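Trainee: The structure is given below, and queries will be raised subsequently.
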DNA sequence: GAAAAGTGTGGAACCGGTTTCCGACACGCC
DNA sequence: GGCGTGTCGGAAACCGGTTCCACACTTTTC
């Protein structure tokens with residue numbers, strides 16, 4: 007592989023001039039610039055990123071930390087981030103959050119502070135105080151996707167509103183016996199927006215004077231989780247709710263599959279609403295609260311680069327858009 | 007942030023000694039080593055990765071190139087790679103394969119040759135000759151997950167065998183009218199193992215003297231894809247096959263959902279078999295050919311690091327394990 | 001007891017870029 | 001003609017590590 011010295015020699019100039027010609031910074035005559043570019047092209051020269059980073063202090067890389075990569079939300083966000091970074095000629099360093107405490111500590115104490123990236127996007131994780139301090143110490147701007155503390159630039163939908171609006175939709179249709187499929191954040195890792203969705207559910211019931219009807223059925227935020235919980239909940243004819251709010255579309259879809267197996271028709275006998283607008287929601291005609299995690303990823307990149315350029319810019323909390331999408335899984339109760 | 011010079015000064019030794027003490031290479035007295043380590047700990051010193059890379063020529067990073075991240079197979083492989091690299095203290099640089107030719111070219115000509123990583127794992131992509139040349143020129147070992155040409159170290163299941171075994175399972179149960187849900191590689195991007203699965207299907211039929219019964223129904227390798235294709239195929243009572251092979255579990259699951267909506271009972275009226283053992287296969291009691299993409303990712307890392315250590319080691323083609331898992335979606339025809 | 005081998009350390013070169021500093025030159029202006 | 005300003009290019013320092021080499025001292029070997 008050729009170095010900038012090779013390019014300079016071939017173009018008959020010094021390293022300094024070659025560097026200026028290629029980067030476009032500083033005075034270089036048009037004639038010289040052309041010669042250097044020709045030489046670079048002839049040698050298929052590509053700058054060595056480590057050398058560039060060392061000299062400039064910039065890595066042209068963004069670190070992404072997420073607990074999982076194999077759930078819809080995370081995969082979508084990652085996809086958006088990836089696409090946006092590529093367009094900006096940035097590289098993407100991916101880090102998982104290891105399950106065990108020791109590995110997790112190693113991530114924060116050793117792997118992240120190596121200054122391999124110019125900024126970090128944290129997706130759906132809640133660093134504790136010590137970890138935040140490590141991040142801060144790394145002197146790299148941080149943008150978070152998903153609910154986060156106020157001291158961090160972040161982007162997320164209003165999960166509480168999502169839970170509330172979903173529930174209100176059912177109340178407006180006339181439902182009074184509405185169950186919620188999901189669990190609070192501590193039960194299942196990496197889904198701590200779920201707490202707020204539950205809060206929204208409770209809030210909507212309270213506003214309608216239905217507080218005492220609140221029924222939260224423990225379910226993992228996955229399709230099998232929703233399936234199992236719904237099978238349990240709906241198995242007994244007596245005491246069936248007339249409507250279900252899924253903590254996310256995966257759970258809601260699992261519930262829909264359970265209804266088919268149990269011979270319950272949706273929406274005539276049971277209304278189901280989800281949150282997310284998962285890629286499979288349309289196939290199941292699932293009414294849901296739409297959010298666009300891919301776009302949140304793109305926005306996170308935009309916000310992060312903004313902060314990399316202007317480290318002193320005030321931090322902001324962006325509320326990502328979400329909207330009720332009515333399909334055929336909800337209707338007035340019989 | 008402190009540098010190794012700070013550590014050296016604090017420990018009262020030279021940079022050279024400090025470096026040796028921390029890396030463990032070369033002679034350092036136990037006493038000195040301890041002093042250097044104490045100094046490093048006191049200063050929370052972490053080596054600057056760009057400086058280390060520049061000096062050693064090693065980046066401690068592996069590049070991963072995959073077309074998508076939001077499909078089960080890819081997410082699983084990525085997960086495995088991620089986990090294995092973390093355990094080895096390697097970083098992971100993720101690259102998507104952009105859709106448009108121009109971006110794709112930029113990826114190969116500019117982003118990959120920056121020498122940001124010591125090796126590359128390509129998942130489910132088929133670089134053309136020019137692109138392979140770029141990779142080769144980067145002087146970095148390459149390991150591929152998924153079907154690949156013989157000149158590359160790779161790991162994949164035997165897709166042809168998977169297609170054959172799935173079909174044979176149905177034939178042994180007594181089926182003679184077996185449709186295949188899927189499409190050849192050119193129709194849908196990033197699933198070129200599918201061709202070989204179709205070959206296996208044809209092969210099994212041929213061995214049983216059923217060649218003329220081959221019926222391949224075009225379907226995207228996704229749940230909605232399988233659903234739509236199955237709905238179309240099964241909508242008309244006449245001409246229904248007695249069994250279906252799904253090119254992957256997503257498609258097979260889509261088909262199962264279609265059967266429920268159409269009131270067809272599985273497996274009494276229709277047998278369905280998939281390939282992959284997707285995380286949802288169990289919930290649908292789907293008979294399938296199991297493969298473990300996460301382990302393939304782990305193995306790919308092992309193979310790549312082996313090649314990084316020993317660049318001249320002979321390249322190999324590893325056939326990942328796969329096995330028939332019989333659940334309740336297949337049975338003898340009526 | 002001298003030569004050889006082993007151990008411990010520091011100085012300096014090196015990896016491959018970028019950037020500062022400085023000198024040379026051209027030009028316009030007073 | 002002298003001077004300031006703008007343009008162009010090179011030498012050298014620098015980023016933060018690693019490693020080669022020289023040297024001193026200690027221990028082993030014959």
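Chains as they are written, first to last, in this note's numbering: chain A, 7 to 340; chain B, 7 to 340.
From the three backbone atoms N, C-alpha and C, an ideal C-beta is built for every residue, glycine too.
Model, not experiment: these values are computed from the prediction.
Would you give the residue range spanned by the alpha helix (DSSP H) that residue 244 of chain A belongs to?
Mentor: Sequence index remark: in the first chain, residue 244 of chain A carries index 238 (1-based). From DSSP, residue 244 of chain A is part of no alpha helix (DSSP H); its letter is neither H nor E.
Trainee: For residue 235 of chain A, which residues in the same chain have their Cβ closer than 6 Å to its Cβ, ignoring the five residues on either side in sequence?
Mentor: Here the question's residue 235 of chain A lines up with position 229 in the first chain. The residues are 187, 223 and 225.
Trainee: Identify the continuous alpha helix (DSSP H) that holds residue 260 of chain B and give its terminal residues.
Mentor: The residue labelled residue 260 of chain B in the question sits at position 254 within the second chain. Segment 255-268, the alpha helix (DSSP H) holding residue 260 of chain B.
Trainee: Note down the Cα distance separating residue 100 of chain B from residue 338 of chain B, rounded to an integer number of angstroms.
Mentor: Mapped onto the second chain, residue 100 of chain B falls at position 94. Mapped onto the second chain, residue 338 of chain B falls at position 332. Those two C-alpha atoms are separated by around 46 Å.
Trainee: When the Cα of residue 168 of chain A is compared with those of A/340, A/328 and A/336, which residue comes out closest?
Mentor: Numbered from 1 along the first chain, position 162 holds the residue referred to as residue 168 of chain A. Closest option to residue 168 of chain A, Cα to Cα, is A/328.
Trainee: For a quick check, are the C-beta atoms of residue 336 of chain B and residue 293 of chain B less than 8 Å apart?
Mentor: In the second chain, counting from the first residue as 1, residue 336 of chain B sits at position 330. In the second chain, counting from the first residue as 1, residue 293 of chain B sits at position 287. Going by C-beta atoms, residue 336 of chain B is nearer than 8 Å to residue 293 of chain B.
Trainee: What is the residue span of the alpha helix (DSSP H) that residue 13 of chain A lies within?
Mentor: As a working note, residue 13 of chain A is residue 7 in the first chain. Per DSSP, residue 13 of chain A belongs to the alpha helix (DSSP H) from 10-17.
Trainee: Closest to residue 263 of chain A by CA distance: which of B/269, B/290, B/251 and B/243 is it?
Mentor: Locating residue 263 of chain A in the first chain gives position 257, where the first residue counts as 1. Cα-wise, what sits closest to residue 263 of chain A is B/290.
Trainee: Does the Cβ-Cβ distance between residue 125 of chain A and residue 68 of chain A come in under 8 Å?
Mentor: Locating residue 125 of chain A in the first chain gives position 119, where the first residue counts as 1. Locating residue 68 of chain A in the first chain gives position 62, where the first residue counts as 1. Result yes, Cβ atoms of residue 125 of chain A and residue 68 of chain A sit closer than 8 Å.
Trainee: Measuring alpha carbon to alpha carbon, tell me which residue in A/301, A/203, A/218 and A/245 is nearest residue 254 of chain A.
Mentor: Numbered from its first residue, the first chain carries residue 254 of chain A at position 248. Comparing Cα-Cα distances from residue 254 of chain A to each of A/301, A/203, A/218 and A/245, the minimum goes to A/203.
Trainee: Which value, in whole angstroms, describes the spacing of the CA atoms of residue 237 of chain A and residue 190 of chain A?
Mentor: If you number the first chain from 1, residue 237 of chain A lands on position 231. If you number the first chain from 1, residue 190 of chain A lands on position 184. Cα-Cα distance, rounded: 20 Å.
Trainee: In chain order, what residues of the region 76-105 of chain B put their CB closer than 9 Å to some CB of chain A?
Mentor: Residues passing the 9 Å Cβ filter: 76, 77, 78, 80, 81, 82, 84, 85, 88, 89, 92, 93, 95, 97, 98, 99, 100, 101, 102 and 104.
Trainee: Flag residue 57 of chain A as yes if its beta-carbon sits less than 8 Å from any beta-carbon of chain B, otherwise no.
Mentor: The sequence position of residue 57 of chain A within the first chain is 51, counting from 1. Residue 57 of chain A counts as touching chain B.
Trainee: Quick one, which residues of the region 281-304 of chain B are near chain A if we go by CB-CB under 7 Å, in chain order?
Mentor: Residues 286 and 289.
Trainee: Within the continuous alpha helix (DSSP H) that includes residue 309 of chain B, where are the two ends?
Mentor: What you label residue 309 of chain B is simply residue 303 of the second chain in a count that begins at 1. That run of the alpha helix (DSSP H) goes 299-315.
Trainee: So, under 8 Å CB-CB, residue 159 of chain B and residue 309 of chain B are touching, yes? Tell me the CB distance rounded to an integer number of Å.
Mentor: Start at 1 with the first residue of the second chain, and residue 159 of chain B comes out as number 153. Start at 1 with the first residue of the second chain, and residue 309 of chain B comes out as number 303. Their Cβ separation, rounded to whole angstroms, is 6 Å, which keeps residue 159 of chain B and residue 309 of chain B in contact under 8 Å.
Trainee: Grouping DSSP H, G and I as helix and E and B as strand, with all else coil, what is residue 80 of chain B?
Mentor: In the second chain, counting from the first residue as 1, residue 80 of chain B sits at position 74. Helix, per DSSP.
Trainee: Give the range of the alpha helix (DSSP H) segment to which residue 39 of chain A is assigned.
Mentor: For this step, residue 39 of chain A is matched to residue 33 along the first chain. Segment 36-49, the alpha helix (DSSP H) holding residue 39 of chain A.
Trainee: What did DSSP end up calling residue 72 of chain B once you bin it into helix, strand or coil?
Mentor: Sequence index remark: in the second chain, residue 72 of chain B carries index 66 (1-based). In this structure, residue 72 of chain B counts as strand in the three-state DSSP scheme.
Trainee: Tell me which residues share the same chain as residue 123 of chain A and place their Cβ nearer than 6 Å to its Cβ, disregarding the 5 neighbours each side in the sequence.
Mentor: As a working note, residue 123 of chain A is residue 117 in the first chain. Here the set comprises 65, 67, 68, 69 and 99.
Trainee: Report yes if the C-beta distance between residue 40 of chain A and residue 102 of chain B is below 8 Å; otherwise report no.
Mentor: As a first step, residue 40 of chain A is located in the first chain; it is residue number 34 there, counting from the start. As a first step, residue 102 of chain B is located in the second chain; it is residue number 96 there, counting from the start. Cβ atoms of residue 40 of chain A and residue 102 of chain B: not closer than 8 Å.
Trainee: Mind listing the chain A neighbours of residue 60 of chain B? Cutoff is C-beta to C-beta under 8 Å, in chain order.
Mentor: Position 54 of the second chain, counted from the start, is the residue given in the question as residue 60 of chain B. Those within 8 Å of residue 60 of chain B in chain A are 54, 56, 57 and 60.
Trainee: In the DSSP assignment, find the unbroken alpha helix (DSSP H) run with residue 318 of chain A in it and report its ends.
Mentor: Counting from one through the first chain, the residue named residue 318 of chain A turns up at place 312. It is not in any alpha helix (DSSP H) - residue 318 of chain A carries neither H nor E in the DSSP assignment.
Trainee: Per the DSSP calculation, residue 282 of chain B is bridged to which residue(s)?
Mentor: If you number the second chain from 1, residue 282 of chain B lands on position 276. B/296, per the DSSP bridge assignment.
Trainee: Where does residue 286 of chain A land, buried or exposed, given buried means 16+ other C-beta within 10 angstroms?
Mentor: The residue labelled residue 286 of chain A in the question sits at position 280 within the first chain. Burial call: buried.
Trainee: Can you say whether residue 30 of chain A is buried or exposed, counting buried as having 16 or more other CB atoms within 10 angstroms of its CB?
Mentor: Counting from 1 along the first chain, the entry for residue 30 of chain A is found at position 24. Residue 30 of chain A is exposed by the Cβ-count criterion.
Trainee: Which two residues bound the contiguous alpha helix (DSSP H) that contains residue 60 of chain A?
Mentor: Here residue 60 of chain A refers to the residue found at position 54 when the first chain is read from its first residue. That run of the alpha helix (DSSP H) goes 55-62.
Trainee: So, under 8 Å CB-CB, residue 325 of chain B and residue 305 of chain B are touching, yes? Tell me the CB distance rounded to an integer number of Å.
Mentor: Counted from its first residue, the second chain places residue 325 of chain B at position 319. Counted from its first residue, the second chain places residue 305 of chain B at position 299. Going by Cβ atoms, the distance from residue 325 of chain B to residue 305 of chain B rounds to 11 Å, so no, they are not a contact pair.
Trainee: Going by CA-CA distance only, name the one from A/10, A/155, A/180 and A/201 that's closest to residue 165 of chain A.
Mentor: Numbered from 1 along the first chain, position 159 holds the residue referred to as residue 165 of chain A. Measuring from the Cα of residue 165 of chain A, the nearest candidate turns out to be A/201.
Trainee: As a quick exercise: from A/105, A/84, A/85 and A/83, pick the residue whose alpha carbon is nearest that of residue 93 of chain B.
Mentor: For the purposes of this step, residue 93 of chain B is taken as the residue at position 87 of the second chain. Ranking the options by Cα distance to residue 93 of chain B, first place goes to A/105.
Trainee: So is residue 271 of chain A in contact with chain B if we call contact Cβ pairs under 8 Å?
Mentor: Within the first chain, the letter at position 265 stands for residue 271 of chain A. So, not an interface residue.
Trainee: Where residue 176 of chain B and residue 184 of chain B are concerned, what is the direct C-alpha to C-alpha distance, given to the nearest angstrom?
Mentor: If you number the second chain from 1, residue 176 of chain B lands on position 170. If you number the second chain from 1, residue 184 of chain B lands on position 178. Approximately 8 Å between the Cα atoms of the pair.
Trainee: Would you mind reading off the limits of the alpha helix (DSSP H) that contains residue 207 of chain A?
Mentor: Start at 1 with the first residue of the first chain, and residue 207 of chain A comes out as number 201. Element bounds for residue 207 of chain A: 200-213.
Trainee: Check for me: the beta strand (DSSP E) holding residue 354 of chain A runs from which residue to which?
Mentor: What the structure shows of chain A is the stretch from 7 to 340, and residue 354 of chain A is not part of that stretch, so it cannot be assessed.
Trainee: Does residue 309 of chain A get closer than 8 Å to chain B when you measure Cβ to Cβ?
Mentor: Along the first chain, read from residue 1 onward, the residue named residue 309 of chain A stands at position 303. It does not; no Cβ of chain B falls within 8 Å.
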